[in-house]
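Visitor: Got a structure here, written out as structure tokens. Questions coming.
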């Protein structure tokens, strides 16, 4: 015996036992207790076989090899006759107590037989003998078909030829033949094998289909962390998602459950076995013993490298287990026998060193140390790859691992109400509830529970059963919509797996009166999902109006009832429940009573004048708070539900009248006509071109550039105040000519003409403020007369009613305001939605004459009907030519502020096609001012 060297090898045996223990831990963490017991029992049998084999004399190993070879061939021949088939391949023999996989025996046989043949050195005959002996089991395995194992057997034979120092030249044809036959191998692959190759080669493999195993292995390794997830309560369920977790992907499963530290131990133990086999080969007394030990080490190394590589998706999934670690009876016992052979070789070399038959250099297998180094480096590198997966994408994989365990039923949050300034509901939730169940779990309930629910729903048990059956694979089965009393009874019954939540249908008590302001709610579509990426499928969101603009506050936060599911999607247990958080109530500045008055008066004006649409806005001239925003024609937003009432919607949208879905206060622009004259007068105040008290020539028309521009009636010469009071076109033709378009546009821009007002509603249009430059930019021509027409609000100027209201109040107060509907949100008084501060006009201190003209108009001018109000007013009327308007093509405008000395409120009305502003729009403005004053000062409104 060599001094200082033991015949036994505790490192080798200890590493084998470590692999067995880690395999047991893997099985136990997955809840496979019976498999773990069987694995332990087989390990005990294997240890016995290892001890027996380790006591064998090296001279008898070749006999064992040939006996094992013969048994392997016989068993492989029996497989096609009585074997057990899986995935179209017959690989196992059912022996009653356990199943036997002969191909695992073939791996050991193809280590021992080539070692026996080539122990005497290389000759062409021995080389041919090895090939012939190997061809039989390899061919039988390939015919099962088990192409991956056949390739492994070929690799083992090539490994043995290299270790036995067979010259490379005779092996060159074998390599060439192998490379040439690779394309032909595709013809023998089964569909699932082709899928594995496709997944490996393609980045587009469906993770829910052919790429499932690779994706789940990535999830397992990436989310396992250093110490694994086995301590978590649902780990057993989590492990079910990883296929072949006890066999081919056992390494990934171990990392999943016990962490990367455990995976590193597998790699280290495998490396130790390889190195201890290498040491035994170097200490072997005989060439055959050295080849056996080196071959066993190579076999363990190849299995470990390929198995871990396939778990990391570095190789296609080949079905390669790690001996002693992966679950499998045949592989475990054969693995222990192979360890016993290495121990036998070591014992013989240590105990009988002087009996060596050949010089050490000649009997030492070729490249054995280099191979051990390659295996070790590969295992270390792959452990590093696993570490990078965890550090770079660990959080992502953990989230996916958690997510695939659960299916969550969305519990919609109750949407907040929309209230007017006095708390009157403008939008509320219909008292209606959805009753649903977790389909498969409820279907498995006791019959009496199902009958009780059917009775509460007032349906038959058969109908309930049919609904559950029709739900198919869906987690949730919606059963009915019920009222509040029925919903309360079902909740009180406290039935398992039954859910009750609001349907989300909206009710708008004011209907068409406020539809174009409030908008409606609908199911989120693709555009909504881009706007709010966190939305769940089926979420209800605001689609228009206030509902859209303040959706984030109104919608609330949906809750969820989650259930744990198995890999097939079947619910297995209740998971966490998150209760929904109700949305905030939203209080508007809007006055519902004033809105009804405006809508009624506006509707009457449109109908009596022959107009086709109308708009009216009442706005706080100091803050921009919108008190009324009426628009006709309108639509009934109750038809949008959700769900949408298709018949009612078709009837609503098919009703006569243009732009029923639009709010014409901020979404329709028209020539502002004479209401724009106070803007032109403000431009004169800004630039001081014509003194306000200077009278300009009057008349019935004004001739310029060979064209005649008419006045609405003949007038004498007027100063600025008189021109505003009586809306003198001739005066403003001349004033516009002297100012020029750029000066008029500069003042108009400061007053908000041609750009959005900033109202807190989606879809506002800009209107248009034309100048020679802007008209040329859109391909138009600025004619000399265009400047004159601009001076009276015709031609290249269009404005929305909210823009007219802004410039009217801006001139009256010296500051423009931003219109705003929202006042506050939240419980009780809530949190104030701040309004933008007023924006002072640069020429506010020079607007006295303009204001005087507005006051004169309301006292005894074109707006003189306001003289009967209990407070002073300032106003400007307008009758604008509009080719798109019906009838005579005249739009009726009227815009006024009260009280004029300290303006509080501005009212602006447009009736398209309504004729003269003072005749059609004026009465609507007066009616609204009377109503406002009655509310704020107690004066009786006029009729």
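Numbering (this note's numbering), first residue to last: 88 to 1030. All C-beta atoms, glycine included, are put in the ideal place defined by N, C-alpha and C.
#1: Residue 99: buried (16+ other C-beta within 10 angstroms of its C-beta) or exposed?
#2: Should residue 549 go down as buried or exposed, given a rule of 16 or more other Cβ atoms within 10 Å for buried?
#3: Output the distance between the C-alpha atoms of residue 1014 and residue 581, rounded to the nearest integer angstrom.
#4: Going by Cα to Cα distance, which pick from 767, 855, 465, 496 is closest to residue 831?
#5: In its own chain, which residues sit with a C-beta less than 6 Å from the C-beta of residue 434, not counting the 5 before and 5 after it?
#6: In its own chain, which residues sit with a C-beta less than 7 Å from the C-beta of residue 382, not counting the 5 before and 5 after it?
#7: What are the start and end residues of the alpha helix (DSSP H) that includes residue 387?
#8: Could you give the first and the last residue of the continuous alpha helix (DSSP H) run that contains residue 191?
#9: Name the residue from 103, 863, 841 whose alpha carbon lies nearest to the alpha carbon of residue 856.
#10: Pair every Cβ in the segment 500-507 with every Cβ in the segment 667-676, then say whether three or more of these pairs are closer than 8 Å.
#11: Any idea what DSSP makes of residue 992, helix, strand or coil?
#12: Can you tell me which of 571, 706, 672 puts its alpha carbon nearest to the alpha carbon of residue 918?
#13: Taking contact to mean at least 3 C-beta pairs separated by less than 8 Å, is the segment 900-917 in contact with the segment 940-953?
#14: Return the chain-ordered list of same chain residues with a C-beta closer than 6 Å to the C-beta of residue 484, the five sequence neighbours on each side being excluded.
#15: Should residue 650 be labelled buried (16 or more other beta-carbon atoms within 10 Å of its own) or exposed?
#16: Could you give the uninterrupted runs of the alpha helix (DSSP H) lying entirely in the segment 879-936, keeping only those of 4 residues or more?
#17: Can you give the Cα-Cα distance for residue 91 and residue 145, rounded to whole angstroms?
#18: Looking only at C-alpha atoms, which of 795, 949, 756 sits nearest to residue 971?
#19: Have a look at 166, 194, 193, 195 and flag the residue whose alpha-carbon is nearest the alpha-carbon of residue 181.
#20: Taking its Cβ as the centre, do 16 or more other Cβ atoms sit within 10 Å of residue 516, making it buried, or is it exposed?
#21: Going along the chain, which residues of its own chain have a beta-carbon closer than 6 Å to the beta-carbon of residue 611, five neighbours each way excluded?
#22: Of the choices 358, 493, 395, 518, whose alpha-carbon is the least far from that of residue 457?
#23: For residue 228, tell me which candidate among 213, 261, 825, 162 has the shortest Cα-Cα distance.
#24: With the cut-off set at 8 Å, would you say residue 420 and residue 211 are in Cβ contact?
#25: What is the DSSP secondary structure of residue 746, reduced to helix, strand or coil?
#26: If the criterion is Cβ atoms closer than 8 Å, does the pair residue 720 and residue 683 meet it?
#27: With a threshold of 7 Å on Cβ separation, who are the neighbours of residue 370 within its own chain once the five nearest residues in sequence on each side are excluded?
#28: Assign residue 318 to buried or exposed, taking buried as 16 or more other Cβ atoms, counted over all protein chains shown, within 10 Å of its Cβ.
#29: What residues are listed by DSSP as bridge partners for residue 870?
#30: Under 8 Å between the Cβ atoms of residue 704 and residue 752?
#31: Starting from residue 1013, follow the alpha helix (DSSP H) in both directions and report where the run begins and ends.
#32: Within 10 angstroms of the Cβ of residue 966, are there 16 or more other Cβ atoms? Answer buried if so, exposed if not.
#33: List the whole-angstrom C-beta distance separating residue 398 from residue 313, where the pair is believed to meet the contact cut-off of C-beta under 8 Å.
#34: Check whether the Cβ atoms of residue 696 and residue 998 sit closer than 8 Å, and answer yes or no.
#35: For residue 75, tell me which candidate among 984, 1024, 608 has the shortest Cα-Cα distance.
#36: Is residue 686 helix, strand or coil when you go by DSSP?
Guide: Reading off the structure:
#1: Residue mapping note: residue 99 aligns to position 12 of the chain shown, counting from 1. It is buried - the Cβ of residue 99 has at least 16 other Cβ atoms within 10 Å.
#2: As a first step, residue 549 must be located in the chain shown, where it is residue number 462. Note on residue 549: under 16 other CB atoms within 10 angstroms of its CB, so exposed under the neighbour-count rule.
#3: Sequence index remark: in the chain shown, residue 1014 carries index 927 (1-based). Sequence index remark: in the chain shown, residue 581 carries index 494 (1-based). Rounded to the nearest angstrom, the two C-alpha atoms are 57 Å apart.
#4: Position 744 of the chain shown holds residue 831. Out of 767, 855, 465, 496, 767 has the C-alpha closest to the C-alpha of residue 831.
#5: Here the question's residue 434 lines up with position 347 in the chain shown. Within the same chain, and ignoring the five residues on either side of residue 434 in sequence, the residues whose Cβ sits closer than 6 Å to its Cβ are 94.
#6: Counting from one through the chain shown, the residue named residue 382 turns up at place 295. Here the set comprises 198, 202, 246, 247, 250.
#7: The residue labelled residue 387 in the question sits at position 300 within the chain shown. From DSSP, the alpha helix (DSSP H) with residue 387 extends over 374-398.
#8: Position 104 of the chain shown, counted from the first residue, corresponds to residue 191. Where residue 191 is concerned, the enclosing alpha helix (DSSP H) stretches over 189-205.
#9: Taking the first residue of the chain shown as position 1, residue 856 is located at position 769. Checking every option, the nearest Cα to that of residue 856 belongs to 841.
#10: yes
#11: The residue labelled residue 992 in the question sits at position 905 within the chain shown. Strand, per DSSP.
#12: In the chain shown, the residue the question calls residue 918 occupies position 831. Distance check between residue 918 and each of 571, 706, 672 places 672 closest, using alpha-carbon atoms only.
#13: no
#14: Taking the first residue of the chain shown as 1, we reach residue 484 at position 397. Cβ within range, chain order: 306, 309, 310.
#15: For the purposes of this step, residue 650 is taken as the residue at position 563 of the chain shown. Buried, because 16 or more other Cβ atoms sit within 10 Å of the Cβ of residue 650.
#16: Entirely contained in the segment 879-936, the alpha helix (DSSP H) runs reaching 4 residues are, in chain order, 888-900.
#17: As a position in the chain shown, residue 91 is number 4, starting the count at 1. As a position in the chain shown, residue 145 is number 58, starting the count at 1. Caution is warranted here: a pLDDT of 45 is assigned to residue 91, below 50, making its placement in the model unreliable, and the coordinate value is therefore given only provisionally. In a straight line, the C-alpha of residue 91 is about 22 Å away from that of residue 145.
#18: Reading the chain shown from its first residue, position 884 is the one you call residue 971. The shortest C-alpha separation from residue 971 is found at 756.
#19: The count along the chain shown starts at 1 and reaches residue 181 at position 94. If we check each option's Cα against that of residue 181, 166 comes out closest.
#20: In the chain shown, counting from the first residue as 1, residue 516 sits at position 429. That one is buried.
#21: Here residue 611 refers to the residue found at position 524 of the chain shown. Taken in chain order, the residues that qualify are 622, 626, 628.
#22: Numbered from 1 along the chain shown, position 370 holds the residue referred to as residue 457. Checked all of 358, 493, 395, 518; the closest Cα to residue 457 is 358.
#23: On the chain shown, residue 228 is found 141 positions in, with the first residue counted as 1. The residue with the shortest Cα to Cα distance from residue 228 is 162.
#24: Here residue 420 is taken as the residue at index 333 of the chain shown, counted from 1. Here residue 211 is taken as the residue at index 124 of the chain shown, counted from 1. Cβ distance not < 8 Å, so residue 420 and residue 211 don't count as in contact.
#25: Here residue 746 corresponds to residue number 659 of the chain shown, with the count starting at 1. Residue 746 falls in the coil class under three-state DSSP.
#26: The count along the chain shown starts at 1 and reaches residue 720 at position 633. The count along the chain shown starts at 1 and reaches residue 683 at position 596. No.
#27: Here residue 370 refers to the residue found at position 283 of the chain shown. Answer for residue 370: 433, 436, 437, listed in chain order.
#28: For this step, residue 318 is matched to residue 231 along the chain shown. It is exposed - the Cβ of residue 318 has fewer than 16 other Cβ atoms within 10 Å.
#29: By 1-based counting over the chain shown, the position of residue 870 is 783. Residue 870 is not bridged to any residue.
#30: For the purposes of this step, residue 704 is identified with residue 617 of the chain shown, where counting begins at 1. For the purposes of this step, residue 752 is identified with residue 665 of the chain shown, where counting begins at 1. Contact: yes.
#31: In the chain shown, residue 1013 corresponds to position 926, counting from 1. Note, residue 1013: alpha helix (DSSP H), 1004-1024.
#32: Residue mapping note: residue 966 aligns to position 879 of the chain shown, counting from 1. Buried is the call here.
#33: Residue numbering aside, residue 398 sits at position 311 when the chain shown is read from its first letter. Residue numbering aside, residue 313 sits at position 226 when the chain shown is read from its first letter. In fact, because the Cβ distance is near 17 Å, the residues do not count as touching under 8 Å.
#34: Counting from one through the chain shown, the residue named residue 696 turns up at place 609. Counting from one through the chain shown, the residue named residue 998 turns up at place 911. The beta carbons of residue 696 and residue 998 sit closer together than 8 Å.
#35: Examination of residue 75 is not possible in this model, given that the chain is present from 88 through 1030 alone.
#36: Sequence index remark: in the chain shown, residue 686 carries index 599 (1-based). Three-state DSSP puts residue 686 in a helix.
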